[in-house]
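There are 2 protein chains.
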Amino acid sequence: MSELARRAGVPVGTVKYYLREGLLPAGTPTSATQAQYGEEHVERLALIRVLVGTGSLSVAAARAALQVIDGPAPSIHEVIGTAHQAIGPQVTAEPEALERARELVDGQGWRVACDSPALAQLGAALEACDRAGLPGMEHLVESYVAVAEQLGAIDVAAVPTTSPADAVRFVVAGTVLLEPLLLALRRLAQQDASFRRFEGPAVTPGSRPRP
Amino acid sequence: MSELARRAGVPVGTVKYYLREGLLPAGTPTSATQAQYGEEHVERLALIRVLVGTGSLSVAAARAALQVIDGPAPSIHEVIGTAHQAIGPQVTAEPEALERARELVDGQGWRVACDSPALAQLGAALEACDRAGLPGMEHLVESYVAVAEQLGAIDVAAVPTTSPADAVRFVVAGTVLLEPLLLALRRLAQQDASFRRFEGPAVTPGSRPRP
DNA sequence: CAATATTGGACAGTGCCGGTACCCAATGTC
DNA sequence: GACATTGGGTACCGGCACTGTCCAATATTG
């Protein structure tokens, strides 16, 4: 076990913790004080660390996500739904907000499961924007919907067709790990866009990108 | 204070907590045991709640974000940078990952501050995708960059020009609150796209959206 | 073969973080 | 004047992701 921990770069105590929490399957025990761990355990450990680290999943959510990866793959569409159930922050939106989300989605012609947690998340997000008093939301949301449609198409097109297991792994890990990637890119693009709009033509000393 | 708490729908103890933490400015005291709170305090409280609730900012990050809103607005471009500093999860990426992020951004021709936390976030996210063994990342990232560019343009174009204070508020709140909105939309779009790709033509009983 | 080190496992403890409960003197209300 | 309420301070709570400690069984070594 110490070798596993060393190879994965994770403290031994943490490995024990993951074993206890059911994130990491136990190794094959060779005796009462020894167990065999393979390369798959190292990879699993790496996956756990990125899910709870970069993906900022809770340990419970990571367990659920890993169960989806381990489980059978009925169909990719099913897996996406299950993954969203497992991963999503369990947001509870009021019925009216949920209704608003449904209308938006239906108006867009999207075919979406009624019980998807993403609907509640959308409703809560819309509600939050209202409460914050953000102006011009209608147009903004419209633009975002168009962008999201591209994202969905990109993601689904990128699902590998080599094997069902690969596909499931890609869907679960990709859904989680591309989120921070997307948010980071958005922020960087915001900086660039604001530079072009506000600083580009007349370069003001002191407000250009810092060295 | 109890009236303020009631109007904002927040427990009194929590209001005290926000006062203590410097998120909510103190009311004008009318005596030793009484203070006057105005509509602005109710709005502020609502803003705090969406930032820490839906926006899932820590109290410390929310304080920093609110300080940006309260502070002077040198220029929108500056505000975006400062807001990213305040909001961002303080990710520490290794120099090599950071270098990789820089190359990606430079290759895209984006003008970005060298010390932006978003660069570290991007580096960490790329690193995480590698560690998870996601295939076909190059093409995927390329597509995401193109989408992010649209997002940045949308966000910056939506900044209101009515007053600097409005603009700052929009930038800070929008950066935070549109993130959950975007992620929810992405998930919904994924569901729709996967439905179209995998379930659309030949409808399989039992795998269509649940009632 | 005996002395020592290491292992896996169980369990309690730690540090942080949002938030809550309690207490108090000063004040408002009846 | 009796009594409730207020703001403010402090202590405390529960959840979470670990981490430290202990222990008996086993591996390693002289």
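As they're listed, the protein sequences go chains A and B.
Reading the first sequence from the start, the letters are residues 10 to 220 in the numbering used here.
Reading the second sequence from the start, the letters are residues 10 to 220 in the numbering used here.
A virtual CB, placed ideally from N, CA and C, is assigned to each residue, including glycine.
Treat the numbers as computed from the prediction; the structure is a model and nothing was measured.
In the structure shown, T171 of chain A falls within a coil segment according to DSSP collapsed to helix, strand and coil.
The beta carbon of G31 of chain A lies closer than 7 Å to those of R72 in the same chain, with the five residues before and after it left out. R195 of chain B belongs to the set of residues whose beta carbon lies under 8 Å from a beta carbon in chain A. When the Cα atoms are used, V168 of chain A and A176 of chain A turn out to be separated by approximately 6 Å. Residue contact check for R111 of chain A against chain B: no CB pair falls below 8 Å.
The C-beta separation of T37 of chain A from I96 of chain A comes to about 30 Å, leaving the pair out of contact by the 8 Å criterion. Taking the Cα positions, A17 of chain A is about 11 Å away from R140 of chain B. A102 of chain B and L194 of chain A have their alpha carbons spaced roughly 15 Å apart. Among the CB atoms of chain B, none fall inside 8 Å of the CB of H50 of chain A. Setting aside the 5 residues that flank it on each side, G47 of chain A is surrounded in the same chain by G36, each with a C-beta closer than 8 Å to its C-beta; the list follows chain order. Residue environment for A134 of chain B: buried (at least 16 other C-beta atoms within 10 angstroms of its C-beta). Residues of chain B with a Cβ closer than 7 Å to the Cβ of T63 of chain A are, in chain order, A133, A134 and A137. The shortest CA-to-CA distance from Q94 of chain A to any of A:L128, A:V154 and A:I57 is the one to A:L128. Check the Cα spacing between Q130 of chain A and each of B:E147, B:G62, B:Q159 and B:E87: the tightest is with B:G62. Interface flag for E12 of chain B against chain A is unset, since no Cβ pair is found closer than 8 Å. In the three-state DSSP reduction, S40 of chain B falls in the strand class (E or B). Neighbours of V59 of chain A in chain B, taken as residues at a C-beta separation under 7 Å, are given in chain order as A137, R140 and A141.
I78 of chain A is outside the set of residues whose beta carbon lies under 8 Å from a beta carbon in chain B.
Proximity of R120 of chain A to chain B, defined by a Cβ-Cβ separation below 8 Å, is satisfied.
The alpha-carbon separation between T170 of chain A and D201 of chain B amounts to approximately 19 Å. Residue range V21 to E30 is occupied by the alpha helix (DSSP H) that includes T23 of chain A. Residue B:A14 holds the alpha-carbon nearest to the alpha-carbon of E49 of chain B among B:T39, B:E105, B:A162 and B:A14.
Look at Q99 of chain B here: in three-state DSSP terms it is coil, with no helix or strand label.
For Y153 of chain A, the enclosing alpha helix (DSSP H) begins and ends at M146 to A166.
Taking a C-beta distance under 8 Å as the contact criterion, V165 of chain B and R196 of chain A do not qualify as a contact pair. Under the DSSP definition of a beta bridge, Q94 of chain A lacks any partner. The beta carbon of A122 of chain B is closer than 7 Å to those of G90 in its chain, skipping five residues each way along the sequence. Under the rule that a run must span 4 or more residues, the alpha helix (DSSP H) segments found entirely inside the segment 104 to 152 of chain B read 104 to 117 and 126 to 140.
With respect to L160 of chain A, A174 of chain B sits apart: the two C-beta atoms are not nearer than 8 Å. Apart from the 5 residues on each side of it in sequence, A44 of chain B sits with its Cβ closer than 6 Å to the Cβ of G36 and P38 in its chain, given in chain order. The C-beta of R178 of chain A has 16 or more other C-beta atoms within 10 Å across all chains shown, which makes the residue buried. Put simply, the CB of R206 of chain A is near chain B, with a gap under 8 Å to one of its CB atoms.
Apart from sequence neighbours up to five positions away, the residues of its chain that approach S11 of chain A with a beta-carbon distance below 7 Å are V21, ordered along the chain. As the crow flies, the alpha-carbon of R53 of chain A is around 21 Å from that of I85 of chain A. Under the Cβ criterion of 8 Å, A167 of chain B is counted among the residues facing chain A.
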